[in-house]
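A.B. asks: After the structure tokens below, expect a handful of questions from me.
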Amino acid sequence: MPPQWENTSRMWRILAAFALSSVIASASGRFDKRIEELKARCPAVQRGRIGYKFIDVETGEVLAEQDSAGFFTPASNTKLYTTALALVRLGPNYKFQTELRTSGHWEAGDAAVPDLQLVGGGDPNLSGRVLPYRPRAPDRDPLTALKSLADKLNNAGIREIDGDVTGIATRYAGDLYPRGWTLDDSLYEYGAPVSALALNDNTLSITLRPAGLGELAEAELRPAVNHFVLLNQVVTDASRVAKVHLYRVPGTSEVLLWGSIGKAAREWEEDLAVEDPALFAAEALIDILRDRGVVVRGTARSEYRNLNEHPSPAQSGTTLAVHDSAPLWQEIQMINKISQNLHSEMLLREVARVTRGEGTINADRKS
Numbered sequence: 429m430p431p432q433w434e435n436t437s438r439m440w441r442i443l444a445a446f447a448l449s450s451v452i453a454s455a456s457g458r459f460d461k462r463i464e465e466l467k468a469r470c471p472a473v474q475r476g477r478i479g480y481k482f483i484d485v486e487t488g489e490v491l492a493e494q495d496s497a498g499f500f501t502p503a504s505n506t507k508l509y510t511t512a513l514a515l516v517r518l519g520p521n522y523k524f525q526t527e528l529r530t531s532g533h534w535e536a537g538d539a540a541v542p543d544l545q546l547v548g549g550g551d552p553n554l555s556g557r558v559l560p561y562r563p564r565a566p567d568r569d570p571l572t573a574l575k576s577l578a579d580k581l582n583n584a585g586i587r588e589i590d591g592d593v594t595g596i597a598t599r600y601a602g603d604l605y606p607r608g609w610t611l612d613d614s615l616y617e618y619g620a621p622v623s624a625l626a627l628n629d630n631t632l633s634i635t636l637r638p639a640g641l642g643e644l645a646e647a648e649l650r651p652a653v654n655h656f657v658l659l660n661q662v663v664t665d666a667s668r669v670a671k672v673h674l675y676r677v678p679g680t681s682e683v684l685l686w687g688s689i690g691k692a693a694r695e696w697e698e699d700l701a702v703e704d705p706a707l708f709a710a711e712a713l714i715d716i717l718r719d720r721g722v723v724v725r726g727t728a729r730s731e732y733r734n735l736n737e738h739p740s741p742a743q744s745g746t747t748l749a750v751h752d753s754a755p756l757w758q759e760i761q762m763i764n765k766i767s768q769n770l771h772s773e774m775l776l777r778e779v780a781r782v783t784r785g786e787g788t789i790n791a792d793r794k795s
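First residue of the sequence shown: 429, per my numbering; consecutive thereafter.
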């Protein structure tokens, strides 16, 4: 959910609770007056467009009403329908599988493979997230899942990748951005692109910390994957605040930071969506493999599928390692608690893939 919607969402929760507890005030008109008082206390609501209708379920009396016949974007409430659909069609214990494959032949004992494919299976939690969901639980290493796969490869005795490492996100075809998502949304974590291979929610976190006076701030990427071209021009000053500005060229991985951060200021942090999720995952996997002494001779690549392309035939080659996700009920619990946009979109496509053989929104409408 975009940050700018949070206050509005909170306001509507207050209104709903108020409506349930205040029906007795309707006769004197105090109900409408008190709603207006609540709205007046929330600047975000004042700037927006509001529609509501409260009815006494016993008498049918309209207690308060404003623009109730208008059409509104239902926003995060629709996630309840998506997660309910996934529970019914997939089942609460459904699991996603992420695979490491090679396009060639491999037998136990072989130390080299011709290439490596990281095949996305729609797992929304290729990350360090703790499941089952616990409020304020600190995340673990965001590369935990990929490191587990790399360890399995290492344990199999594979020490050399002769070709490229390719992130494959062909399970879901079509545009990476759903209709209604704006260009500005796509820059930040709540508007991350939707793909069947999604490492760390398809996001990178940038953290700035003060350094010596007059020096550039210290910058850290989490996870530590060199996917962004980061131009840091933020200078440390003697203040206690951070005044950091960010600009990212749409459609690129170039990020410019400028401004200042006080010597006594807190860390500054921003979560940005990656432009190419499958490439991002492949880059991270190469770093992990090399840290384990595996020689990778090729480069990172990515592969997607357009809507007009038919699904690929059964993959040839050899499966080298598999990572199983947590059960679906844990994923759905997290989605409904924090209103996770990317995961909801992934579940919708997974239902279509399983029930219709094609992971697209159009196929899902038939589910």
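Glycine residues also receive a C-beta, built at the ideal position from the N, C-alpha and C atoms.
Give the secondary structure of Glu737 by DSSP, where H, G and I count as helix, E and B as strand, and everything else as coil.
C.D. replies: Counting from 1 along the sequence shown, the entry for residue 737 is found at position 309. Reduced to three states, the DSSP call for Glu737 is coil.
A.B. asks: Give me, in chain order, the residues of the same chain whose beta-carbon lies closer than 8 Å to that of Ala536; leave out the 5 immediate sequence neighbours on both sides.
C.D. replies: Along the sequence shown, read from residue 1 onward, the residue named residue 536 stands at position 108. Cβ within range, chain order: Ala584, Gly585.
A.B. asks: Just curious, the alpha helix (DSSP H) that Ile478 is in, first and last residue?
C.D. replies: Along the sequence shown, read from residue 1 onward, the residue named residue 478 stands at position 50. Looking at the DSSP string, Ile478 is not in any alpha helix (DSSP H), and its letter there is neither H nor E.
A.B. asks: Going along the chain, which residues of its own chain have a beta-carbon closer than 8 Å to the beta-carbon of Asp590, five neighbours each way excluded?
C.D. replies: One-based indexing of the sequence shown puts residue 590 at position 162. Ala540, Val541, Pro542, Asp543, Arg725, Gly726, listed in sequence order.
A.B. asks: Could you spell out where the alpha helix (DSSP H) holding Ile586 opens and where it closes?
C.D. replies: For the purposes of this step, residue 586 is taken as residue 158 along the sequence shown, with counting starting at 1. No alpha helix (DSSP H) contains Ile586, which DSSP labels as neither H nor E.
A.B. asks: Is the stretch 551 to 569 touching the stretch 698 to 706, taking contact as three or more C-beta pairs under 8 Å?
C.D. replies: No: the two stretches stay apart, fewer than three of their Cβ pairs being nearer than 8 Å.
A.B. asks: Output the boundary residues of the beta strand (DSSP E) element that contains Thr664.
C.D. replies: Position 236 of the sequence shown, counted from the start, is the residue given in the question as residue 664. Counting along the chain, the beta strand (DSSP E) containing Thr664 begins and ends at 657 to 665.
A.B. asks: Can you look up Leu614 in the DSSP assignment and give me helix, strand or coil?
C.D. replies: Position 186 of the sequence shown holds residue 614. In the sequence on display, residue 614 carries Ser and not Leu. DSSP places Ser614 in helix when its eight states are reduced to three.
A.B. asks: Apart from the five residues on each side of it in sequence, which residues of its chain come closer than 6 Å, Cβ to Cβ, to Ala601?
C.D. replies: Within the sequence shown, residue 601 is the residue found at index 173, counting from 1. Same-chain partners within the cutoff: Arg733, Leu735, Thr788.
A.B. asks: Leaving out the 5 sequence neighbours to the left and right, which residues in its chain are closer than 7 Å to Tyr616 when beta-carbon positions are compared?
C.D. replies: Here the question's residue 616 lines up with position 188 in the sequence shown. Correct list, in chain order: Asp699, Leu700, Ala701.
A.B. asks: Taking all protein chains shown into account, do 16 or more other C-beta atoms lie within 10 angstroms of the C-beta of Pro502, making it buried, or fewer, making it exposed?
C.D. replies: Within the sequence shown, the letter at position 74 stands for residue 502. Classification for Pro502: exposed.
A.B. asks: Just the Cα atoms here: how many angstroms apart are Leu684 and Thr598?
C.D. replies: Residue 684 sits at position 256 when you count from the first residue of the sequence shown. Residue 598 sits at position 170 when you count from the first residue of the sequence shown. Whole-angstrom Cα-Cα distance: 31 Å.
A.B. asks: Short of 6 Å in beta carbon distance, which residues of its chain neighbour Asn769, apart from the five on each side in sequence? Order them along the chain.
C.D. replies: Position 341 of the sequence shown, counting from 1, holds the residue named residue 769. Hits under 6 Å: Tyr618.
A.B. asks: Are Ala692 and Leu636 closer than 9 Å when you measure CB to CB?
C.D. replies: Numbered from 1 along the sequence shown, position 264 holds the residue referred to as residue 692. Numbered from 1 along the sequence shown, position 208 holds the residue referred to as residue 636. Cβ atoms of Ala692 and Leu636: not closer than 9 Å.
A.B. asks: Under 9 Å between the Cβ atoms of Asp495 and Thr526?
C.D. replies: The residue you call residue 495 lines up with position 67 of the sequence shown. The residue you call residue 526 lines up with position 98 of the sequence shown. Their beta carbons are not under 9 Å apart, which means Asp495 does not touch Thr526 by this criterion.
A.B. asks: Check the C-beta distance from Val547 over to Ile596 and give it rounded, since I have them as a contact under 8 Å.
C.D. replies: In the sequence shown, residue 547 corresponds to position 119, counting from 1. In the sequence shown, residue 596 corresponds to position 168, counting from 1. With 8 Å as the limit, Val547 and Ile596 qualify as a contact, their Cβ atoms being about 5 Å apart.
A.B. asks: Going by alpha carbons, who is nearest to Ser767 out of Lys523, Arg729, Tyr509?
C.D. replies: Position 339 of the sequence shown, counting from 1, holds the residue named residue 767. That would be Tyr509, whose Cα lies nearest to the Cα of Ser767.
A.B. asks: Below 7 Å CB to CB, which residues in the same chain sit around Ile479 once its five sequence neighbours on both sides are set aside?
C.D. replies: Looking up residue 479 in the sequence shown gives position 51. The question names Ile, yet the displayed sequence has Gly at residue 479. Within the same chain, Gly479 has close Cβ partners Gln494, Asp495, Ser496, Gly498, Phe500.
A.B. asks: Would you identify the three-state DSSP class for His751, choosing helix, strand or coil?
C.D. replies: Position 323 of the sequence shown, counted from the first residue, corresponds to residue 751. Strand at His751.
A.B. asks: Is Ala693 helix, strand or coil by DSSP?
C.D. replies: As a first step, residue 693 is located in the sequence shown; it is residue number 265 there, counting from the start. Here Ala693 sits in coil by DSSP.
A.B. asks: Please list the terminal residues of the continuous alpha helix (DSSP H) segment that includes Glu759.
C.D. replies: Translated into the one-based positions of the sequence shown, residue 759 becomes position 331. 756 to 766 is the span of the alpha helix (DSSP H), which, as asked, contains Glu759.
A.B. asks: Need the endpoints of the beta strand (DSSP E) that Glu711 sits in, please.
C.D. replies: As a working mapping, residue 711 is identified with position 283 in the sequence shown. It is not in any beta strand (DSSP E) - Glu711 instead sits in the alpha helix (DSSP H) that spans 705 to 719.
A.B. asks: Provide the residue span of the beta strand (DSSP E) that contains Phe675, from first to last.
C.D. replies: Your numbering for residue 675 matches position 247 in the sequence shown. The sequence given here places Tyr at residue 675; Phe does not occur at that position. Its beta strand (DSSP E) spans residues 670 to 676.
A.B. asks: Can you list, in chain order, the residues of its chain with a C-beta nearer than 6 Å to that of Thr609? Leave out the 5 residues immediately preceding and following it.
C.D. replies: Along the sequence shown, read from residue 1 onward, the residue named residue 609 stands at position 181. Inspection of the sequence shows that residue 609 is occupied by Trp rather than by Thr. Contacts found: Gly619.
A.B. asks: What's the C-alpha gap between Ala728 and Asp715?
C.D. replies: Locating residue 728 in the sequence shown gives position 300, counting from the first residue. Locating residue 715 in the sequence shown gives position 287, counting from the first residue. Looking at the two C-alpha atoms, the distance is approximately 10 Å.
A.B. asks: Can you pull the DSSP bridge partners for Leu518?
C.D. replies: Working through the sequence shown from its first residue, we reach residue 518 at position 90. Answer is none; Leu518 lacks a bridge partner.
A.B. asks: Spell out the partners DSSP gives Asp699 in its beta bridges.
C.D. replies: Here residue 699 corresponds to residue number 271 of the sequence shown, with the count starting at 1. DSSP, once it has assigned bridges, lists Ser633 as partnering Asp699.
A.B. asks: What does DSSP give as the partner residues of Glu731 in its beta bridges?
C.D. replies: Working through the sequence shown from its first residue, we reach residue 731 at position 303. For Glu731, which the question treats as bridged, DSSP gives the partners Ile596.
A.B. asks: Mark Ala455 as exposed unless 16 or more other C-beta atoms lie within 10 angstroms of its C-beta, in which case mark it buried.
C.D. replies: On the sequence shown, residue 455 is found 27 positions in, with the first residue counted as 1. A caution first: Ala455 carries a pLDDT of 44, below 50, which makes its placement in the model unreliable, though a value can still be read off. It counts as exposed.
A.B. asks: By the DSSP assignment, the alpha helix (DSSP H) with Leu770 in it spans what residues?
C.D. replies: For the purposes of this step, residue 770 is taken as residue 342 along the sequence shown, with counting starting at 1. Counting along the chain, the alpha helix (DSSP H) containing Leu770 begins and ends at 769 to 784.
A.B. asks: Classify Arg462 as helix, strand or coil using the three-state DSSP reduction.
C.D. replies: In the sequence shown, residue 462 corresponds to position 34, counting from 1. Helix.
A.B. asks: From the DSSP output, read off the bridge partner residues of Ala492.
C.D. replies: For this step, residue 492 is matched to residue 64 along the sequence shown. Its beta-bridge partners are Phe482.
A.B. asks: Just reading off the beta strand (DSSP E) that Val547 is part of, what are its end residues?
C.D. replies: Position 119 of the sequence shown, counting from 1, holds the residue named residue 547. 544 to 547 is the extent of the beta strand (DSSP E) around Val547.
A.B. asks: Indicate whether Phe524 and Ser744 have their beta-carbon atoms separated by less than 9 Å.
C.D. replies: The count along the sequence shown starts at 1 and reaches residue 524 at position 96. The count along the sequence shown starts at 1 and reaches residue 744 at position 316. For Phe524 and Ser744, no; Cβs fall outside 9 Å.
A.B. asks: Quick check: what's the CA-CA separation for Glu588 versus Arg477?
C.D. replies: Numbered from 1 along the sequence shown, position 160 holds the residue referred to as residue 588. Numbered from 1 along the sequence shown, position 49 holds the residue referred to as residue 477. Spanning the two alpha carbons is a distance of roughly 59 Å.
A.B. asks: Going by CA-CA distance only, name the one from Pro570, Arg720, Trp696 that's closest to Leu674.
C.D. replies: Your numbering for residue 674 matches position 246 in the sequence shown. The residue with the shortest Cα to Cα distance from Leu674 is Trp696.
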